[in-house]
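Protein chains in written order, with this note's numbering: chain A, 1097 to 2234; chain B, 172 to 393.
Where a beta carbon is used, it is the ideal one built from N, C-alpha and C, also for glycine.
Here's the structure, in structure tokens; my notes come after.
Laid out in structure tokens, this is it:
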């Protein structure tokens, strides 16, 4: 016979025990691999969801402004397009808006608006029928939300594109949106791209599809689009290829740049549709012109409300700032800046050289108000209205002004007092139109009227040969186009598919989380496996002794048992893989149902990853082997003789085996007497109490102190239990009836103290964790006026789809926004609004399962920073005392490396962005621009800002000048104001802006829901693990019974019945089970005491009690079953020697 | 040859060291057979286990074939026991999952060199103990006496120098005990082992040419 044959015999003969080992390993592997499958499944589901919604899109080209639809086809026609792996293009309009069901008034906010035609569905290879006429198609979830049916009327509100910024003097603030009344044809299913979305999101998509031509016409953008979808023929496309093709195909008009030849002036005029030339364009144009040998004359023209000299004034005049060189000789040190008037203006003012001239003008403030400013000049010259001074083309096109026939026909977006207009002013307008009446140095003009959008209104380019103006124009056009980077003109090209797939890896590692959640399940399963293996070994102690006696070296015996354990683990892991699929499926079902609060979608499906199964199986086998090796390790200390007699004896009496002789009595005493000085209990218990007292007195952090103290007391009580069991103490068991029988059962727990304490420790630890973790549960509070809380003391949070430029904190602003109507204006006057500019982006909170790549950004104004509201968790090391007192001030820090300071919520920072304080979040930019490094300088504690990052308004405007108006609001209201009424009033009055208001507590509750769901999952799976652990207890109990068969047989012989045996065994089990539960629960309640008090004594008693009740019942039932099986077998034969 | 010189064994107890064996000396040559008797708790089994290198002495020396087994490392000691010593226990200690033949072959599994005739030796031994027809049976199918005969065959399959028996007939009826005892002596004679038997049975002890008694930690020749 070979050893392998012995191995085979062992596996088959001891099949009962081996089956239990296999079951334990199978459960451990099922849970381990299953948890990993959960992670894979969530990632794969997110990926599938994103790709399904993305359709055939691979890349996206989008712009702030509208460009020719034709650009899409010019790109597609380029030879490089197909060669570099791209397939087709599809131009469309993409906007954000809101939809109202006309009949019911139900509203859908944050709606994606797509202006499409049949090309959209053709591009995606779908057979959808495009909307026509005034039809609208909507996504299924939006249809559900609006409860809309076919032929219902829907009102679609979108941002009206404006070339001129609404935050400039000439921007149309009151006409920021457009409303279209459309008829719903149908809800478009997801299979027909009804949930089309370029950005990954796991929540349902609110989307509408309207006829492209209708939208173009309504927005006055005929033949134009603002987005191009690009598909790919192969998975890998050439990087940067699309950007190069775009750069080559884009025209100046596409970028909003116009160039015209001014024959009379002998120059070219470079202008933009926004009426402002941004710095990047100015620099590139200047460089291009210089290279071509052209002279460059930058221009900044502005409308002055008044030109005043002495007692006279001229209303509403164009003033142009031109290059400083012309004023070089006119400047006099110490004197006001020189100004030149044309003859007409000088005569009208009666001004002469040297007189003081004052210009008054409107300036649009960042806070949305219009302020009148003035500047003083010295009249340095008077020029006739001819030549360069008669140039009426120095002013860009201003809608409502430049094309008017008379001043009284003006329709500007700012207040004009037409009563000031005199006949001579109208005459001037008739004869000279927009010819400037005054000229100032360019540097002064830029100082007065420059904005973040740019400091020039046009550029004059004078070619060397003015007779070849048209040729020069064409050459300059070509050269400028070649040099201009579309990215600097607000064009973005990005690989939407690749970025979305990357984001699908997720911010939350569900595999890791479920491993943590399932920790106790895995530990219990492994413990079961090890326990049954150990029991199997203990059953065969005599066999081991025999093998040793006949010459098997200990290492050979260990190898034999290890080989058995390995084979059992392999079999168990193979079965476990089947269980892993089932466990994974169950968890995915849980995430879609009971725990849907954690993920916000029911679209998660199980995906089986072979790698995860292999890792889970390998991990399970390894863990099981380690447990088995640990079990076999203890055999080293047992003598062959002891083994031959069927086992080692604990307690230190009699058989010593190979143990040391002559241990000091004091050592043994401190282990056996719990209250003996230097016993573990005597050390840990006072330490635990000291820590708790210190925490109660607030000398140390309360939560950490109570938790730490609770843990120390747990250890102390377990040590006490161990020592007490080792002493085998207890009074004389005498008397009659059931109580002495039960006491016999309790006494039996002392026969194997180590085994008993192990069981108690496992149950106590699990109970401690499951109960104590409840301390981390977030509880929703009612509206809190504490300015240092997570809500900052604000009552409402509002967001608008269209930006608001008027300040609702002022009477004029409230008037402009129509907030006063229908409400007590006195009460409304006490409502204050803290406004934030918002750069749309990815939700950075736990509500978003996708990894945010471009988080939402909010701009914190100086007033907000100074107000020092909200609770902070931590701030940057090295902060000054002032900054520590008000961490918002860190937003004004300037870092030498150019990083921009930002503040985030602590939860978002840690769990979503996976960053720490002081680390940078890198915001990638397209078009080769430098990435923006956002440095995390402080973290907020449980705040309502979990979805975004905050930076100073100054940095925000510098980095994102294109963001106009305010879209995010925190609202303070006096206690007398009914918040629901206020919220409703705001939404109604600001419906045109797509305004939505929620209470701040509601917003924070949304975040809490996710965290609490994770905790519930942990507690549920932890409780399951605990229940499984009680099976181990039953196994121990069964072993104890089998070991004591002879004793039980003797009791039977002297008249004990089966009920007595059952009572003794159940009493022993109950002792172990309840000792563990009581010790663990009591210490846990102590650990979470401060949290308990903070909640006013509220604890989820019902759920915790249910959890512990289930554990207790399952433990008792398992032990009863095991006991019955053991006791039913015949005992009397055990009294015989054989 | 087996030499035991000044063997002492003590066990620590809460009340102090408990002496079990005190200054025992013994010399046996191949072919010698001795019985050791004594009251319960006198240390008979202890002496047997020390001589069989299963337990170390507190003091003194044991050599078998000029080798002190307690000077060997664990692996060498195991090999020493495998080659030189055969054990028969009161409880036979058969492996329940193995057949009769397999039980007898168990020591050969770890033998450094079993001479390639282990199976033949095992079968022959089983024939000799009268279980030639039962080689495929499991221990559960045997009577107590039959199990002890298998244990005896197992103890001799490696042709040991020293054969130690701890109450080999203690759990057997008179007839079975007689059979086992006869086999014991016969096989001992054939293989010329040094035979030491610890027994309560005066009848069995009487069959030995040399008899000892353990009395007050001392080995006294009777």
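Residue-level contact to chain B via CB, residue 1646(A), 8 Å cutoff: yes
Contacting residues, own chain, Cβ-Cβ under 7 Å from residue 302(B) (five flanking each side not counted): 271, 317, 320, 321
Cβ-based contacts, 7 Å cut-off: residues of the region 214–235 of chain B near chain A: Within the region 214–235 of chain B, the residues whose Cβ lies closer than 7 Å to some Cβ of chain A are 220, 225, 226, listed in chain order.
DSSP-derived helix/strand/coil call for residue 1186(A): strand
Segment limits, beta strand (DSSP E) that includes residue 386(B): 381–386
Cβ-Cβ distance between residue 1986(A) and residue 1975(A) below 8 Å: yes
Sequence-distant residues of its chain with Cβ nearer than 6 Å to residue 1368(A) (five each side left out): 1352, 1353
Where the beta strand (DSSP E) containing residue 1323(A) begins and where it ends: 1320–1328
For residue 1396(A): DSSP bridge partner residues: 1417(A)
Per-residue burial, residue 2201(A) [other beta carbons within 10 Å of its own, 16 or more giving buried]: exposed
Residues bridged to residue 336(B) (per DSSP): 259(B), 368(B)
Per-residue contacts from residue 253(B) into chain A (C-beta, under 7 Å): Simply 1646, 1647.
Residues near residue 338(B) in its chain [Cβ-Cβ closer than 7 Å; skip 5 each side]: 261, 369, 370, 371
Per-residue DSSP class, three states only, for residue 1098(A): In the structure shown, residue 1098(A) sits in coil (DSSP, three-state: anything other than H, G, I, E or B).
Touch test, the region 1494–1512 of chain A against the region 1478–1485 of chain A, Cβ-Cβ under 8 Å, three pairs minimum: no
Beta-carbon proximity list for residue 1442(A), same chain, < 6 Å, skipping 5 on both sides: 1478
Under 8 Å by beta carbon: chain D residues contacting residue 249(B): In summary, chain D is missing from the structure at hand, where the protein chains are A and B.
Cβ of residue 1598(A) within 8 Å of any chain B Cβ: no
CB contact check: residue 1639(A) to chain B, cutoff 8 Å: So yes, residue 1639(A) belongs to the interface.
Close Cβ partners of residue 1445(A) (< 6 Å) along its chain, the five nearest in sequence each way excluded: Cβ within range, chain order: 1405, 1408.
Any C-beta of chain A under 8 Å from that of residue 179(B): no
Residue-level contact to chain A via CB, residue 313(B), 8 Å cutoff: no
Close Cβ partners of residue 1439(A) (< 8 Å) along its chain, the five nearest in sequence each way excluded: 1478, 1479, 1480, 1481
is_contact[residue 1112(A), chain B] using C-beta, thresh 8 Å: no
Within chain A, partners of residue 379(B) - CB distance below 7 Å: By Cβ distance, chain A contributes nothing, its closest Cβ being about 23 Å from residue 379(B), past 7 Å.
Which listed residue (325(B), 336(B), 354(B)) has its alpha carbon closest to that of residue 265(B): 325(B)
Whether residue 1143(A) touches residue 1711(A) by CB criterion (8 Å): no
Stretch-stretch touch, CB-based, cutoff 8 Å, three pairs: the region 1318–1328 of chain A with the region 1158–1171 of chain A: The region 1318–1328 of chain A vs the region 1158–1171 of chain A: in contact.
CB contact check: residue 1735(A) to chain B, cutoff 8 Å: yes
Neighbour flag for residue 355(B) against chain A, beta carbons, 8 Å: Not an interface residue.
Partners in chain B for residue 1105(A), counting only beta-carbon separations shorter than 7 Å: Within chain B, the C-beta atoms nearer than 7 Å to that of residue 1105(A) come from 268, 269, in chain order.
The region 1699–1707 of chain A touching the region 1134–1141 of chain A, judged by at least three CB pairs closer than 8 Å: With the cut-off at 8 Å, the region 1699–1707 of chain A and the region 1134–1141 of chain A touch.
Of the listed residues 1603(A), 1263(A), 1186(A), 2063(A), nearest to residue 2007(A) (C-alpha basis): 1603(A)
Contacts that residue 292(B) makes with chain A (C-beta to C-beta distance below 8 Å): Simply none; closest approach about 13 Å.
Residue 2035(A) vs residue 2115(A) beta-carbon contact at 8 Å: In this structure, residue 2035(A) keeps its C-beta atom at 8 Å or more from the C-beta atom of residue 2115(A).
Residue 2164(A) vs residue 1845(A) beta-carbon contact at 8 Å: Yes. Within cutoff.
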